[in-house]
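J.: Numbering-wise (the working numbering), the sequence shown opens with residue 3 and increments by one.
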Amino acid sequence: MRVISGKYKGKQLEGFNIDGTRPTMDRIKESLFASIQNYVKDAVVLDLFAGSGSLGIEALSNGSKSCYFVDHNKICINVLNKNLKGIEDSIVLKKDYLEALEYFKDNNIKFDLILLDPPYDLCLNNNIIKKIYEYELLNIGGIIVSEAEKENVETDLYEMIKDKKVSSKCIRVFKRIN
3 MRVISGKYKG KQLEGFNIDG TRPTMDRIKE SLFASIQNYV KDAVVLDLFA
53 GSGSLGIEAL SNGSKSCYFV DHNKICINVL NKNLKGIEDS IVLKKDYLEA
103 LEYFKDNNIK FDLILLDPPY DLCLNNNIIK KIYEYELLNI GGIIVSEAEK
153 ENVETDLYEM IKDKKVSSKC IRVFKRIN
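1. Does the contact criterion of 3 or more C-beta pairs under 8 Å hold for the region 42-54 versus the region 113-123?
2. What separation, rounded to the nearest whole angstrom, lies between the Cα atoms of Leu-140 and Ile-134?
3. Ignoring anything shorter than 3 residues or poking outside the region 53-127, list the beta strand (DSSP E) runs there in chain order.
4. Report yes or no: do three or more beta-carbon pairs, one from the region 54-62 and one from the region 124-133, lie closer than 8 Å?
5. Going by CA-CA distance only, name the one from Ser-33, Asp-98, Asn-109, Leu-159 that's closest to Ile-179.
6. Counting along the chain, where does the beta strand (DSSP E) carrying Val-42 start and finish?
7. Here's a check: name, in chain order, each residue in its chain whose Cβ is nearer than 6 Å to the Cβ of Ala-102, leaving out the five neighbours to either side.
Given below as structure tokens:
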């Protein structure tokens, strides 16, 4: 696993082997970032279910202003902290995703880009998108990138601007219009 493009291009990233988790493959990450490149520069990013941090690090490598990495697993946090060595503007929170969303709401932290890649078998994306809307965590013009396999991620809360199938994964991008 490596950083695909930008400032940290080629940086090797550590992974881990935890049941129910999987890293985003390089070709999927490359396709994803090519499709959202206009939303990455100067963005405040949330990498929810960060795992190794691969997606958030890619965003920082491509000019994001800062990235909040959230995971509750101690192994993931240890790997994430190793992968973030030498990378600026990163904030790591060891929290459950619901606790993290409440933390952001309570501290009036809003995002331009939210990366959702929870364990597929939990089918959490739809509920998380509802919480993001309820807590007003996405700035106007901001996007949510949802990666899922079994879950049909749909919402009428935001406009879907991309719907892409890559291998067995479905990547949908939602935009806040107002």
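Beta carbons: idealized from backbone N, C-alpha and C, even for Gly. Please read all numbers here as calculations on a predicted model, not as lab measurements.
T.: Let me lay it out:
1. yes
2. 7 Å
3. 68-73, 92-96, 113-118
4. no
5. Leu-159
6. DSSP places Val-42 outside any beta strand (DSSP E), giving it a letter other than H or E.
7. Excluding residues within five positions, the ones whose Cβ falls inside 6 Å are Val-72, Leu-95.
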